[in-house]
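Those protein sequences? They're chains A and B, same order as listed. Each residue of the first sequence is one higher than the last, beginning at 1 in the numbering used here. Each residue of the second sequence is one higher than the last, beginning at 467 in the numbering used here. Structure, as structure tokens:
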Amino acid sequence: MTAKTLFEKVWEAHVVRMDGDVALLYIDRHLVHEVTSPQAFEGLRMAGRTPHRPDFTFAVPDHNVPTTGRELGITDPVSRLQVETLDANCEQFGITEFAMGDVRQGVVHVMAPEQGIVQPGMTIVCGDSHTATHGALGALAFGIGTSEVEHVLATQCLIQKKPKSMRVTVDGTLAPGVTAKDIVLAVIGKIGTAGGTGYVIEFAGSAIMDLTMEGRMTVCNMAIEAGARAGMIAVDEKTIDYVEGRPYAPNGNDWDQATAWWRTLHTDAGAKFDAEVHIDAASLQPQVTWGTSPEMVTGIDGKVPDPAAEPDAVKRTSIENALAYMGLKANTPMREVTIDRVFIGSCTNGRIEDMRAAAAIARGRKVAAGVSAMVVPGSGLVKEQAEAEGLDRIFIEAGFEWRDPGCSMCLAMNADQLAPGERCAATSNRNFEGRQGKGGRTHLVSPAMAAAAAVTGRFTDVRDLT
Amino acid sequence: MQSFVTLDGLVAPLDRANVDTDAIIPKQFLKSIRRTGFGKYLFDEWRYLDQGQPDMDVTSRPKNADFVLNQPRYQGAEILLTQDNFGCGSSREHAPWALLDYGFRCIIAKSFADIFFNNCFKNGILPIVLPAKAVDDLMGQVKAHEGYRLAVDLPAQTITTPDGEAIPFEVDPFRKDCLINGLDDIGLTLRHVKDIRAYETQRKTRAPWLFAGN
Ligand code: SF4
Numbered sequence: 001m002t003a004k005t006l007f008e009k010v011w012e013a014h015v016v017r018m019d020g021d022v023a024l025l026y027i028d029r030h031l032v033h034e035v036t037s038p039q040a041f042e043g044l045r046m047a048g049r050t051p052h053r054p055d056f057t058f059a060v061p062d063h064n065v066p067t068t069g070r071e072l073g074i075t076d077p078v079s080r081l082q083v084e085t086l087d088a089n090c091e092q093f094g095i096t097e098f099a100m101g102d103v104r105q106g107v108v109h110v111m112a113p114e115q116g117i118v119q120p121g122m123t124i125v126c127g128d129s130h131t132a133t134h135g136a137l138g139a140l141a142f143g144i145g146t147s148e149v150e151h152v153l154a155t156q157c158l159i160q161k162k163p164k165s166m167r168v169t170v171d172g173t174l175a176p177g178v179t180a181k182d183i184v185l186a187v188i189g190k191i192g193t194a195g196g197t198g199y200v201i202e203f204a205g206s207a208i209m210d211l212t213m214e215g216r217m218t219v220c221n222m223a224i225e226a227g228a229r230a231g232m233i234a235v236d237e238k239t240i241d242y243v244e245g246r247p248y249a250p251n252g253n254d255w256d257q258a259t260a261w262w263r264t265l266h267t268d269a270g271a272k273f274d275a276e277v278h279i280d281a282a283s284l285q286p287q288v289t290w291g292t293s294p295e296m297v298t299g300i301d302g303k304v305p306d307p308a309a310e311p312d313a314v315k316r317t318s319i320e321n322a323l324a325y326m327g328l329k330a331n332t333p334m335r336e337v338t339i340d341r342v343f344i345g346s347c348t349n350g351r352i353e354d355m356r357a358a359a360a361i362a363r364g365r366k367v368a369a370g371v372s373a374m375v376v377p378g379s380g381l382v383k384e385q386a387e388a389e390g391l392d393r394i395f396i397e398a399g400f401e402w403r404d405p406g407c408s409m410c411l412a413m414n415a416d417q418l419a420p421g422e423r424c425a426a427t428s429n430r431n432f433e434g435r436q437g438k439g440g441r442t443h444l445v446s447p448a449m450a451a452a453a454a455v456t457g458r459f460t461d462v463r464d465l466t
Numbered sequence: 467m468q469s470f471v472t473l474d475g476l477v478a479p480l481d482r483a484n485v486d487t488d489a490i491i492p493k494q495f496l497k498s499i500r501r502t503g504f505g506k507y508l509f510d511e512w513r514y515l516d517q518g519q520p521d522m523d524v525t526s527r528p529k530n531a532d533f534v535l536n537q538p539r540y541q542g543a544e545i546l547l548t549q550d551n552f553g554c555g556s557s558r559e560h561a562p563w564a565l566l567d568y569g570f571r572c573i574i575a576k577s578f579a580d581i582f583f584n585n586c587f588k589n590g591i592l593p594i595v596l597p598a599k600a601v602d603d604l605m606g607q608v609k610a611h612e613g614y615r616l617a618v619d620l621p622a623q624t625i626t627t628p629d630g631e632a633i634p635f636e637v638d639p640f641r642k643d644c645l646i647n648g649l650d651d652i653g654l655t656l657r658h659v660k661d662i663r664a665y666e667t668q669r670k671t672r673a674p675w676l677f678a679g680n
């Protein structure tokens, strides 16, 4: 038997047919949210089609939902119509929806693993680029456009060319205070935002396997920021323990049969990748982005780069544009950059472990004068759990706002936005121009680093606070 | 889907790398439940000086005169020429919808982000990857000559410059066929519904837990 990669094993189990080098790939679970689905459902109706497998499709509103005053409903009529359209489409086509007001509602990529909808070895798609998150469970998960959402609804398949494969091996032990988020930011810094284009990345190595499932999800979540179709991590006992007992997880005989297959979902010794990248975990510091792309990143001891030192003209212009937008001067140490806002949440870092890491820094401290900070749990269940552990009280006593679950200021589609020129330490995944509000300046960091910035008013090495 | 065969169009240069889909169409416009009407908000934060909101009357908004698409010489452009990694970031198909609605039918770049690249083909837009040198040359030509046009021939897979030089480009044969014939891939896939059912039957025996119902 030839040695296979994790990706090949999952891919091959889902090929329905081949036409030349184009595969018709079967999709096990289709996740749907309100922003990228209305036109797809409309397309189905116009063509007189119905979903092929409504039972494999799960929906949740997340992008437009308010994170305060939820009992009043959605006040913005355009947002409300979009959420109501999702409700109506799910109702019409018999799709399970975790609607607003359901405690299970949350960011789609937090909700789905939490419910056990996502399982090892599955193919999973969603009209959302951060679908890559689910690869942390040894699934093949990727984001698709709305036309493809319609295609999957109608056929439960996707037309795909087999991507290339890359292995990013992170070996060694992380220093205390350095997290999954810092690993993935460092990977993107190393390979660039287009470095993974055309690839599925398998994250491997002892530092990756030492991460919790939450940490692994953070890493895979940002595979797309390196341009990759998907991120994946081998299945181990941690993965299986994570899935066990969740509402949609297999039971009884099914469980035994499922886990027997899941335990084969790792790359065989000797399997070949099209590209390999190595990173030494011990060399990593907590990371902070300084620019308008996730690859524009440095360690906390680093400085804002000097465009004059960049020989490549296109890159030099990008750095100049980024510094102008970010209002930063070349060579400023990151530790001297002060902030106005803090956002802790999103599908990258809105899980219970992230809440705990931020609370550990916030405990007994106060948000710095002039800074406003908010914590937005990734789902209603994360919120419940955090409250059961008393984390909400730690945040509130420290002066953070404690909100209801949703995408919130990750993309600022609801009322949670930066004002022009405001600088934010954010645990989300994109620091693009205008992402958190027109003129807003986003720096991506881990939850602990975001909390450290909140209580000191500037970027601070979290290790100085512990 | 509108088919794409040939196009002789005015070219506009967007001389930046890593143009992301948040820049192509900012999130506040994603609240629409329609597929059309996004063209007026294309590159909203670069095109206008104020903060755009859905259903705003764009004719009275202050324009950013420095932004390339606001220059009179590029009005009516149908071909966008740009740098590396165009369309990175969010999977929003609103980005190609906005480009198409504005009037772009073809985008030439050094490279594209995967999901965006895919989304273009589903909407009758032809994304063309050219070597860096060729893009740099064209970028220089477009900027130097007002009214610069290119003739794109998809069946022949060539781009012809005003002085008659034909630049070849690659395109996946399946996607080329769909684009030339304006084919809807759902219809194509549904022709294989027997294969899909057969797959489901055999998968059910190997992985029954997937079909266990909830
Ligand atoms: S939290 Fe942010 S990145 Fe994640 S799904 Fe929501 S908007 Fe997208």
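From the three backbone atoms N, C-alpha and C, an ideal C-beta is built for every residue, glycine too.
For a contact defined as C-beta to C-beta under 7 Å, what are the partners of residue i on chain A?
| i | result |
| --- | --- |
| Leu676(B) | Asp28 |
| Arg615(B) | The premise fails here: Arg615(B) is roughly 25 Å from chain A at the closest Cβ pair, so nothing lies under 7 Å. |
| Pro454(B) | No answer is possible for residue 454(B): the residues shown for chain B start at 467 and end at 680. |
| Tyr665(B) | Val16 and Tyr26 |
DSSP three-state call for residue i: helix, strand or coil?
| i | result |
| --- | --- |
| His444(B) | Chain B is shown only over 467 to 680; residue 444(B) falls outside these bounds and no answer can be derived. |
| Gly606(B) | helix |
| Thr467(A) | Outside the displayed span of chain A (1 to 466) sits residue 467(A), for which this structure offers no information. |
| Thr131(A) | helix |
| Phe583(B) | helix |
| Phe640(B) | helix |
| Ile352(A) | helix |
| Asn680(B) | Residue placement at Asn680(B) is flagged as unreliable, the pLDDT there being 47, under the threshold of 50; the coordinate-derived value follows with that caveat. Coil at Asn680(B), not helix or strand. |
| Ser446(A) | coil |
Under the rule that 16 or more other beta-carbon atoms within 10 Å means buried, what is residue i, buried or exposed?
| i | result |
| --- | --- |
| Lys609(B) | exposed |
| Trp651(B) | Residue identity check: residue 651(B) is Asp in the sequence provided, not Trp. Under this definition Asp651(B) is a buried residue. |
| Lys660(B) | exposed |
| Ala358(A) | buried |
| Ser37(A) | buried |
| Met232(A) | buried |
| Ser498(B) | buried |
| Asp256(A) | exposed |
| Gly653(B) | exposed |
| Leu72(A) | exposed |
| Met225(A) | Checking the sequence, you will find Glu at residue 225(A) rather than Met. Its Cβ being crowded by 16 or more others within 10 Å, Glu225(A) is buried. |
Against chain B, does residue i count as a neighbour if the rule is that its beta carbon must be under 8 Å from one of theirs?
| i | result |
| --- | --- |
| His151(A) | yes |
| Val35(A) | yes |
| Ser379(A) | no |
| Ser372(A) | no |
| Leu81(A) | yes |
| Ala467(A) | No information on residue 467(A) is available, as it lies outside the stretch 1 to 466 that chain A covers here. |
| Glu114(A) | no |
| Arg498(A) | A query on residue 498(A) cannot be resolved here, the shown segment of chain A reaching from 1 to 466 and no further. |
| Gln105(A) | no |
| Phe7(A) | no |
Check whether the Cβ of residue i lies closer than 7 Å to any heavy atom of the ligand ATP, and answer yes or no.
| i | result |
| --- | --- |
| Cys410(A) | No copy of the ligand ATP occurs in the structure displayed; its ligands are the ligand SF4 alone. |
What residues of chain B sit near residue i, judged by a beta carbon separation below 8 Å?
| i | result |
| --- | --- |
| Glu202(A) | What Glu202(A) touches in chain B: nothing, since even the nearest Cβ is about 17 Å away. |
| Thr328(A) | The sequence shown places Leu at residue 328(A), rather than the Thr named in the question. Residues of chain B passing the Cβ test: none, with the nearest at roughly 18 Å. |
| Asn64(A) | Lys497 |
| Met413(A) | Lys493, Gln494, Leu496 and Lys497 |
Please compile the residues from chain A whose C-beta is within a distance smaller than 9 Å of the C-beta of residue i.
| i | result |
| --- | --- |
| Leu596(B) | The premise fails here: Leu596(B) is roughly 15 Å from chain A at the closest Cβ pair, so nothing lies under 9 Å. |
Using a Cβ-Cβ distance under 8 Å, would residue i count as near chain A?
| i | result |
| --- | --- |
| Gly555(B) | yes |
| Ser577(B) | yes |
| Thr655(B) | yes |
| Phe640(B) | yes |
| Asp619(B) | no |
| Phe670(B) | For the sequence presented, residue 670(B) should be read as Lys rather than Phe. By this cut-off, Lys670(B) is not an interface position. |
| Asp486(B) | yes |
| Asn584(B) | yes |
| Arg527(B) | no |
| Asn680(B) | Confidence in Asn680(B) is poor, its pLDDT being 47 and thus under 50, which makes the residue's placement unreliable; the coordinate value appears in the next sentence. True, the Cβ-Cβ gap to chain A drops below 8 Å. |
Can you list the residues of chain B that residue i reaches, using a CB-CB cut of under 9 Å?
| i | result |
| --- | --- |
| Ser213(A) | Sequence check: residue 213(A) is Met here, not Ser. Here the premise fails: no neighbours, minimum Cβ distance about 20 Å. |
Could you tell me which chain E residues have their CB closer than 7 Å to the CB of residue i, listed as they occur along the chain?
| i | result |
| --- | --- |
| Ala483(B) | Protein chains A and B are contained in the structure displayed, whereas chain E is not. |
How would you list, in chain order, the residues of chain B whose beta-carbon sits under 7 Å from the beta-carbon of residue i?
| i | result |
| --- | --- |
| Lys438(A) | Glu511 and Gln517 |
Along chain A, in chain order, which residues have C-beta atoms closer than 8 Å to that of residue i?
| i | result |
| --- | --- |
| Asn551(B) | Thr193, Ala194, Thr197 and Gly227 |
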